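Following my numbering, the numbering of the sequence shown begins with 76 at its first residue and continues without gaps.
In this text, a Cβ means the ideal position worked out from N, Cα and C, and glycines have one as well.
Please read all numbers here as calculations on a predicted model, not as lab measurements.
Down below is the structure, laid out as structure tokens.
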Amino acid sequence: MVRSKPLQIGVTGGIGSGKSMVCQLFACLDIPVYQADSRAKWLSNYHVEVRRQIVELLGPQAYNDQGLYDTTYVASQVFQNETLLKQLNAIIHPAVMRDTNEWVERNATSPYVVKEAAIMNAAGQGNSLDYVVVVDAPVELRVQRILQRDRRTEQEIRAIITRQVSDESRRGIADFVITNDESSRLIPQVLDLHQIFLGKRKVV
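This is how it looks when you write it as structure tokens:
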């Protein structure tokens, strides 16, 4: 039977794990990559209906003087208010889902596509994913990477990691795990998965 849609692969991992680097490697193999978090920001800024609903929920302060989504203000409003956070997610998540489906249709001739997101369910659990790849790295290494990359203090970084899904929970939804530490070679792991997703090698 011929698939009407390409195989859909989710890639996730905690901050500093290197999931974006893994997705860049898939892109180098001419595999389309959808960056859910970046698209969510784009939709919050430029999708008229999404903007309208956000302003209705959080007020005009949700956008700064340049008319752009004010993530700092929004975070200050929703992260201590679970009800408000759920309402915001109920605006953004369906918009991202529709955007994703349209993107998959535009890439229907690709053998498979990759969706990158910080938050992800197991394949088939409220999504259209066929497999989930978790990028894993030790916490201390992740902290050092972010210190070099971002203008954040170590305390801020560790607070973010604490708020995120635990590594154990993330590994629990994984069909495949890519280890991105100082001793494991990253490219061969991606190439190995590439062969599996192309159907050229069976899963052991």
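Length of the line joining the Cα atoms of residue i and residue j
i	j	result
E191	G89	12 Å
L222	T228	7 Å
A198	G247	11 Å
E157	S241	19 Å
Q110	L159	24 Å
S185	Q230	42 Å
R217	D225	12 Å
E124	S151	23 Å
M96	I167	25 Å
Q200	N139	36 Å
N176	A115	14 Å
A249	L261	17 Å
Beta-carbon gap between residue i and residue j smaller than 8 Å
i	j	result
G85	V208	yes
I106	V179	no
P213	D256	yes
Q83	L204	yes
Y121	A137	no
L132	Q99	no
R238	G91	no
T146	D211	no
Cβ neighbour criterion (16 or more within 10 Å) applied to residue i
i	result
K275	exposed
V171	buried
S244	exposed
F101	buried
Q264	buried
P169	exposed
L143	exposed
A165	exposed
Residues near residue i by beta carbon distance below 6 Å, same chain, minus five either side
i	result
S259	none
L104	H269
N182	P107 and V188
N202	N196
Contacts around residue i, its chain only, beta-carbon distance under 7 Å, and the 5 residues preceding and following it disregarded
i	result
F251	Y206, V208 and L268
D112	A192 and A193
I235	I90
K80	V179 and A183
Q128	I166
Contact set for residue i: own chain, Cβ-Cβ below 8 Å, skip 5 residues either direction
i	result
L118	V125, I167, A170, V171 and D174
Neighbour flag for residue i against chain D, beta carbons, 8 Å
i	result
A115	The chain labelled as chain D is not found in the depicted structure, where only one protein chain is given.
Within the segment 86 to 111, note down every full alpha helix (DSSP H) run reaching 4 residues or more, in order along the chain.
94 to 103
In chain order, what are the residue ranges of uninterrupted alpha helix (DSSP H) at least 4 long that sit wholly in the segment 150 to 217?
157 to 181
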